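Trainee: Quick note: the sequence shown uses full-length UniProt numbering, first residue 1, plus one each step.
For glycine and all other residues, C-beta sits at the position ideal for the given N, C-alpha and C.
Please read all numbers here as calculations on a predicted model, not as lab measurements.
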Amino acid sequence: MPRYFKVKTIIITVTLLLGMILMVAYFKEPQSAFPTDYFTNTDLKYIYVNREKEENSITPDQESLPPKCEPNMDARKVWNFSSLSDQIQDFLYYRHCRNFPIILDLPYKCGRPNKPIDIFLLLVIKSPPKNYEQREVLRKTWAKERSHNGKRIQTIFISGTDGYGYDTERLNKLLALEHKQHGDILQWDFRESFFNLTLKQILFLEWMNRRCPHARFLLNGDDDVFAHTDNMVEYLQSLEDNNGTKHLFTGQVIENAGPIRWPQSKYFVPLQVYDGNSYPAYCGGAGYLMSGYTASVIYEKSKSVEILPIDDVYMGMCFDAAKLKPTTHMGVSTLGWYIPSRTVDKYHPCFLKEVLVIHKFSPASLYILWHEVHNPKIKCGVQWLKSLF
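(1) Express the C-alpha separation of C350 and K379 in angstroms, rounding to a whole number.
(2) By Cβ distance, which residues of its chain are closer than 8 Å to Q237, with the 5 residues on each side in sequence left out?
(3) In three-state terms, what does DSSP make of V233?
(4) Can you name the start and end residues of the alpha helix (DSSP H) that M290 belongs to?
(5) Where does P116 fall in DSSP's three states?
(6) Check whether the Cβ atoms of Q154 and I119 lie closer than 7 Å to each other.
(7) Among L271, E206 and Y166, which residue has its Cα nearest to the Cα of N80?
(8) For H371, which three-state DSSP category applies?
(9) With distance defined between alpha-carbon atoms, name the residue in T327, F226 and P213 nearest to G244.
(10) If you draw a straight line from the C-alpha of L219 to the C-alpha of F268, how long is it?
(11) Just confirm the distance between the C-beta atoms of residue 423 and F217, as a whole number of angstroms; I'd bet it's less than 8 Å.
(12) So, is G251 buried or exposed, given that buried needs 16 or more other C-beta atoms within 10 angstroms?
(13) Taking E300 as the reference, which of Q201, Y235 and K77 has the closest Cα?
(14) Output the residue ranges of the alpha helix (DSSP H) runs that lie fully inside the segment 252 to 313 and measure 4 residues or longer, sorted by chain position.
(15) Determine the extent of the beta strand (DSSP E) in which F190 is found, giving its start and end residues.
(16) Give the straight-line distance between the Cα atoms of G111 and D162, rounded to the nearest whole angstrom.
(17) Taking its Cβ as the centre, do 16 or more other Cβ atoms sit within 10 Å of V373, making it buried, or is it exposed?
(18) Touching or not, the segment 351 to 358 and the segment 316 to 324, by the rule of three or more beta carbon pairs under 8 Å?
Next comes the structure, spelled out in C-alpha cells:
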C-alpha cells in the first residue's frame, strides 16, 4: 500500500507541474489589444523568404519588406464606431495602410531590369490560399502560360493569408509549394477578406510598377470566371494604334450605382466609410481588361484616393480621378448570363466560343468547357442556331 500511494503521489505531482508549465507558456504569449486580422504569420514570412533565397536565389529586395503598419486609433472617434461590425472596424483601423510585407515574391517574372520579357497579356487572378483546385484547373486551361498568335501570355495569382493558427501555416505551405513548382504566386502578409480586395489590388499595382512595368495589357479577374484568353489576344491585337501605351479599361460597365446601406448585404458600406450617394462608372470586378498605361495611372491615383473596401468601385474612383472612362465590351458578363430557353443547355460551348469573360463556374465546369470550346469538331454558327428552335 505505501508503495502504491508513493507512485500515485509522483504521478499527481508530475501532472501538476506539467499543467503549470503549459499555463505559464500560454499566458506569456503576447495578446494584442487591437484587431489582428491584417497581420498573421510574420515569422512564416521570413521562413519563406529565406527558403526562396536558399533554393532559388530569388528573394524580395528590402523595399518589399516594409515595417508593420500600426492601427490608427483615431478610427475610434468615427461617429457611432462601436455599432459597426468587427470587419468594418478592422477596415477603419487599417484603412491608411498601403504597404504590407511580401511573403512570396516573383522578382523575375517579367524578366530582369536590363532584359524585360515582352508580355502581351498578363493574367492577374485574385485567388485566396484555400482555392487550390481553382488554380490547378486554370493552369491547365485559360490561364496556362503560352503564346497565342505570337503574343506572350503570363499568369500571376495574387493572395493574402487565410485561416487561423495551424490552418494558416498549412495554407501558407501550400502556396509556397505552388510558388516553387509553378512560379506564379504573389502573396502578402495581410488577411484575406472581401473588405481587403482593394488592398490586394493596390499591392499588386505597386508590385507591377516595380517589377513588371512593360506588360502591355492585363486581365484582372477572379479565379471562378471563364476567360477566353485566345479571344482576348485577338481582340487586343485588333485595337488600332494601342499597344498598351494608351488608355484602355473595358468590361461590363456598371453606371448609376451607389453604396448599399443595408447591413445584411455583402456590399454594405456605411456612412462612416463612404458618405457619398453615388459611385462613378466602373467595370464589374469579376473580370476586366486594361492597358499597362491605365494600370500605371490607376496606381498613381491610388496614392491619393482614399481606400474603399469594394475593389471594383475603387478602381472606378481612381480612373474617374484621372478623368478616364471605362468602356463596355459585349463579350464580358460579370453578373452571369441568361439564355432565354429552358430546353437549351446554357453551358453549350457555342455560347462561349466568342466571349471574353463570363462569371462564374466551378473548377470542373471550367475544365470541361475550355476543352469543349477548343474542340474542332464542335460546329457553331447559323446551322447550330437553327437547330435550337
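Mentor: Per the coordinate set shown:
(1) 8 Å
(2) N149 and K151
(3) helix
(4) Counting along the chain, M290 falls outside any alpha helix (DSSP H), though it belongs to the beta strand (DSSP E) covering G287 to S291.
(5) strand
(6) yes
(7) L271
(8) helix
(9) P213
(10) 27 Å
(11) Residue 423 lies beyond the residue range present for the chain, which begins at 1 and ends at 389; the question has no answer from this structure.
(12) buried
(13) Q201
(14) 292 to 302
(15) I185 to R191
(16) 30 Å
(17) buried
(18) no
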